[in-house]
Amino acid sequence: MEDNEINTYVAKLILEEVGCVVTTAENGQDALEQFEGSAPGWFDAILMDVRMPVMNGIEGTRAIRALGRPDAAAVPIIAMTADAFAEEQKRTLDAGMNAHLSKPLDMDKLVRTLSAFCRGRALRQIRS
Numbered sequence: 054m055e056d057n058e059i060n061t062y063v064a065k066l067i068l069e070e071v072g073c074v075v076t077t078a079e080n081g082q083d084a085l086e087q088f089e090g091s092a093p094g095w096f097d098a099i100l101m102d103v104r105m106p107v108m109n110g111i112e113g114t115r116a117i118r119a120l121g122r123p124d125a126a127a128v129p130i131i132a133m134t135a136d137a138f139a140e141e142q143k144r145t146l147d148a149g150m151n152a153h154l155s156k157p158l159d160m161d162k163l164v165r166t167l168s169a170f171c172r173g174r175a176l177r178q179i180r181s
């Protein structure tokens with residue numbers, strides 16, 4: 054999820070091109086509610102923008118991790134942020150995120166990261 058509609062649209066198109074089924078959320082609260090309302094194991098990974106309105110990515114990640122379902126502790130949550138400083142990376146990892154990608158996103162790196170966490174299910178390399 055990404056708080057910029059154009060970035061969301063572009064990322065969604067690219068991810069769908071490599072075989073992902075994409076669900077979007079407007080903010081961390083929306084992501085939390087969608088995750089809570091889903092069947093266990095429905096989501097293979099969550100892309101979480103760190104800075105969003107209503108509920109930011111740090112709060113959203115902590116709320117998902119605090120849910121009493123086994124998949125809440127296991128689902129990979131990948132931070133997306135314009136802040137590439139080590140302090141921000143530590144903050145996202147401390148919140149329960151599994152990886153940290155800096156913006157602007159390198160889509161090949163995003164696909165590789167998702168493939169690593171999702172064991173390659175339904176992902177193929179983007180072709181130039």
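For the sequence shown, the numbering used here begins at 54 and goes up steadily by one.
For every residue, glycine included, the Cβ atom is placed at its ideal position computed from N, Cα and C.
Residue burial classification, residue i (beta-carbon count within 10 angstroms, cutoff 16)
i           : result
residue 175 : Interpretation of residue 175 is limited by its pLDDT of 48, a score under 50 that renders its predicted location unreliable; the figure taken from the coordinates is listed afterwards. Burial call: exposed.
residue 66  : exposed
residue 180 : Residue placement at residue 180 is flagged as unreliable, the pLDDT there being 36, under the threshold of 50; the coordinate-derived value follows with that caveat. With fewer than 16 Cβ atoms within 10 Å of its Cβ, residue 180 is classed as exposed.
residue 96  : buried
residue 62  : exposed
residue 128 : buried
residue 78  : buried
residue 139 : exposed
residue 169 : exposed
residue 125 : buried
residue 64  : buried
Residue i to residue j span [Cα, whole Å]
i           : j           : result
residue 178 : residue 165 : Residue placement at residue 178 cannot be trusted, given a pLDDT of 41 that sits under 50; the coordinates are not used to answer.
residue 167 : residue 98  : 7 Å
residue 58  : residue 123 : 31 Å
residue 182 : residue 93  : In this structure the chain extends from 54 to 181, so residue 182 is not present and cannot be described.
residue 55  : residue 100 : For residue 55, the predicted structure reports a pLDDT of 49, less than 50, and the residue's modelled location is therefore unreliable. A value from the coordinates is still provided. Those two C-alpha atoms are separated by around 8 Å.
residue 159 : residue 105 : 20 Å
residue 156 : residue 142 : 13 Å
residue 163 : residue 86  : 24 Å
residue 90  : residue 111 : 20 Å
residue 154 : residue 137 : 8 Å
residue 144 : residue 107 : 19 Å
Cross-strand partners of residue i (DSSP beta bridge)
i           : result
residue 18  : An answer regarding residue 18 cannot be provided, because it is not within the stretch 54 to 181 covered by the chain.
residue 152 : 131
Among the options, the one whose alpha carbon lies nearest that of residue i
i           : options      : result
residue 161 : 68, 131, 82  : 68
residue 146 : 163, 93, 118 : 118
Proximity below 8 Å, CB of residue i to CB of residue j
i           : j           : result
residue 102 : residue 134 : yes
residue 109 : residue 81  : yes
residue 132 : residue 116 : no
residue 113 : residue 84  : yes
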